[in-house]
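The sequence shown runs 150 to 400 under this note's numbering. Down below is the structure, laid out as structure tokens.
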Amino acid sequence: MDLGLSNKRVVISGATRGIGRAIAETFLDEGATVAFCARKGDEVAEAEAALKKRGVAHGAVCDVRNGDSYRDWLATAVEKLGGADIFIPNVSAGGGMGSEENWRNSFEIDMLGAVRGAEAMAPHLEKTNGAIVFISTTAATETFVGPQAYNAVKAAINNYAKNLATQLGPKGVRVNCVSPGPVYFEGGSWAMIEQRMKPFFDTTMAQIPMGRMPAPADVARAVAFLSSPAAAIITGVNLVVDGGMLKRVDY
Ligand SMILES: NC(=O)c1ccc[n+]([C@@H]2O[C@H](COP(=O)([O-])OP(=O)(O)OC[C@H]3O[C@@H](n4cnc5c(N)ncnc54)[C@H](OP(=O)(O)O)[C@@H]3O)[C@@H](O)[C@H]2O)c1
150 MDLGLSNKRV
160 VISGATRGIG
170 RAIAETFLDE
180 GATVAFCARK
190 GDEVAEAEAA
200 LKKRGVAHGA
210 VCDVRNGDSY
220 RDWLATAVEK
230 LGGADIFIPN
240 VSAGGGMGSE
250 ENWRNSFEID
260 MLGAVRGAEA
270 MAPHLEKTNG
280 AIVFISTTAA
290 TETFVGPQAY
300 NAVKAAINNY
310 AKNLATQLGP
320 KGVRVNCVSP
330 GPVYFEGGSW
340 AMIEQRMKPF
350 FDTTMAQIPM
360 GRMPAPADVA
370 RAVAFLSSPA
380 AAIITGVNLV
390 VDGGMLKRVD
400 Y
């Protein structure tokens with residue numbers, strides 16, 4: 150199946166490693182062009198050089214938490230790409246419990262990052278029948294770890310995405326979520342948990358019927374499909390990529 154991603158212009162927040170990096174690689178391999186950001190300049194330079202071997206990629210240093218520089222980067226990214234067809238808000242503050250700071254971080258980085266990004270990108274996407282895919286998590290829809298900001302704020306993003314899909318549908322813009330379960334990659338949070346919290350890692354693995362955690366590329370392929378013209382009539386959904394870990398039934 151041809152996804153129809155050739156020459157699509159894709160803006161991704163946070164793509165120097167992990168899931169965001171795999172998303173950038175997948176889009177480039179499909180013939181799309183990509184603009185991405187992250188905070189660490191040396192890692193942006195490394196990722197940009199590596200991604201350029203696959204196609205047209207523009208990296209930039211930007212902290213999504215800072216609304217002004219985030220909007221500036223989005224405007225520059227669209228300018229460099231000559232427009233935008235797809236927006237992937239991928240950055241997260243990550244998990245953590247026991248401090249009000251965790252709630253502030255999740256709200257400012259995950260939630261406001263989603264809202265500011267969607268509001269800045271919608272006018273561009275309305276010109277191109279574009280698509281937004283928010284990177285959420287299975288931790289938004291079932292209890293996991295504990296009462297942490299990460300789970301609650303990602304659930305809010307799922308809700309926001311569904312409402313946004315209803316609002317932007319008449320303007321030709323599709324809005325979906327991809328919710329990964331625990332994703333394993335070197336340097337990622339689950340590689341760290343495997344080293345430092347082996348019993349928790351093993352308990353989590355035991356809940357995955359497919360017997361392995363998704364790799365970033367597994368998530369990236371779901372993102373590529375949902376944001377592609379091949380999914381032209383799919384909007385307002387939350388696609389779970391978790392090897393069967395969630396036990397809820399979707400009616
Ligand atoms: N890993 C998992 O198991 C898992 C499971 C479910 C859902 N998810 C979701 O998938 C997404 C990506 O997760 P990941 O594990 O691949 O993350 P990661 O390894 O922490 O990578 C995040 C990327 O975003 C950048 N970044 C982080 N904070 C940023 C900020 N404030 N401004 C700009 N860039 C920032 C990072 O680079 P810098 O540090 O240089 O900024 C990096 O490029 C997140 O939304 C996460 O919640 C992950």
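The beta-carbon is built from N, C-alpha and C at its ideal position, and this holds for glycine as well. Bear in mind that the values here come from a model prediction, so they are computed numbers and not experimental data.
message: Please give the ranges of any alpha helix (DSSP H) in the segment 293-322, keeping only runs that are unbroken, at least 4 residues long and fully inside the region.
response: 298-317
**OP:** Give a single yes or no on whether lysine 189 has its beta carbon closer than 7 angstroms to a heavy atom of ligand 1.
**Re:** yes
request  = Answer yes if the segment 217-237 comes into contact with the segment 271-278, meaning at least three C-beta pairs across the two stretches below 8 angstroms, and no otherwise.
outcome  = yes
### Within 8 angstroms, strictly: CB atoms of valine 389 and serine 328
yes
* Asked: Does the beta-carbon of threonine 286 have 16 or more other beta-carbons within 10 angstroms, so that it is buried, or is it exposed?
  -> buried
### Message
Can you give me the C-alpha to C-alpha distance between proline 331 and isoleucine 258, rounded to a whole angstrom?
### Response
20 angstroms
Worksheet item: Under a three-way DSSP split, which group does isoleucine 382 fall into?
Response: Reduced to three states, the DSSP call for isoleucine 382 is coil.
Residue from Gly153, Ser155, Leu154 and Ala171 with nearest C-alpha to isoleucine 161
The residue with the shortest Cα to Cα distance from isoleucine 161 is Ala171.
Below 8 angstroms on the Cβ atoms is my guess for glycine 262 versus lysine 311; work out the distance and round it to an integer in Å.
Actually they do not touch by this definition, with Cβ atoms about 18 angstroms apart.
Inset, instruction - With DSSP as the reference, please indicate the residues paired to threonine 182 in a beta bridge. - result: Arg158
Nearest to serine 155 by CA position, among Val205, Thr165 and Gly318, is which residue? Val205
Under a three-way DSSP split, which group does glycine 167 fall into? If DSSP states are grouped into helix, strand and coil, glycine 167 belongs with the helices.
inquiry  = For the structure I just gave you, are there three or more beta carbon pairs, one from the segment 349-356 and one from the segment 297-313, closer than 8 angstroms?
reply    = Judged by Cβ distances under 8 angstroms, the segment 349-356 makes no contact with the segment 297-313, as fewer than three pairs qualify.
Can you tell me whether lysine 303 is buried or exposed, with buried defined as 16 or more other CB within 10 angstroms of its CB? buried
- prompt: If you draw a straight line from the alpha carbon of arginine 361 to that of glycine 392, how long is it in whole angstroms?
  reply: 7 angstroms
Q) Hey, would you say the C-beta of glutamate 192 is under 7 angstroms away from at least one heavy atom of ligand 1? A) yes
Check your understanding: DSSP puts phenylalanine 350 in a beta bridge; with which residues?
Key -> Beta-bridge pairing links phenylalanine 350 to no other residue.
- Query: Which residue from Gly169, Asp151 and Met150 puts its Cα closest to that of aspartate 367?
  - Reply: Considering only alpha carbons, the answer is Gly169.
With glycine 208 as the anchor, note down where its beta strand (DSSP E) starts and where it stops. 206-210
So arginine 254 is in the alpha helix (DSSP H); what residue range does that whole segment cover? A small fix is needed here, since residue 254 is asparagine in this sequence, not arginine. Where asparagine 254 is concerned, the enclosing alpha helix (DSSP H) stretches over 249-254.
In chain order, what residues of the same chain lie with their CB nearer than 6 angstroms to the CB of asparagine 387, ignoring the 5 residues before and after it? Asn307, Cys326 and Ser328
Query raised in the report: Between which two residues does the alpha helix (DSSP H) carrying phenylalanine 236 extend?
Result: It is not in any alpha helix (DSSP H) - phenylalanine 236 instead sits in the beta strand (DSSP E) that spans 235-238.
Practice task
Please report the Cβ distance between lysine 202 and threonine 165, rounded to the nearest whole angstrom; I am assuming they are in contact, meaning their Cβ atoms lie under 8 angstroms.
Solution key: Not quite, the Cβ-Cβ distance comes to about 15 angstroms (not below 8 angstroms), so this is no contact.
Between which residues of its own chain and valine 210 is the CB-CB distance below 8 angstroms, once the five residues before and five after are set aside? Cys186, Ala187, Arg188, Lys189, Gly190 and Val193
inquiry  = Measuring straight from C-alpha to C-alpha, what distance separates leucine 313 and arginine 253?
reply    = 23 angstroms
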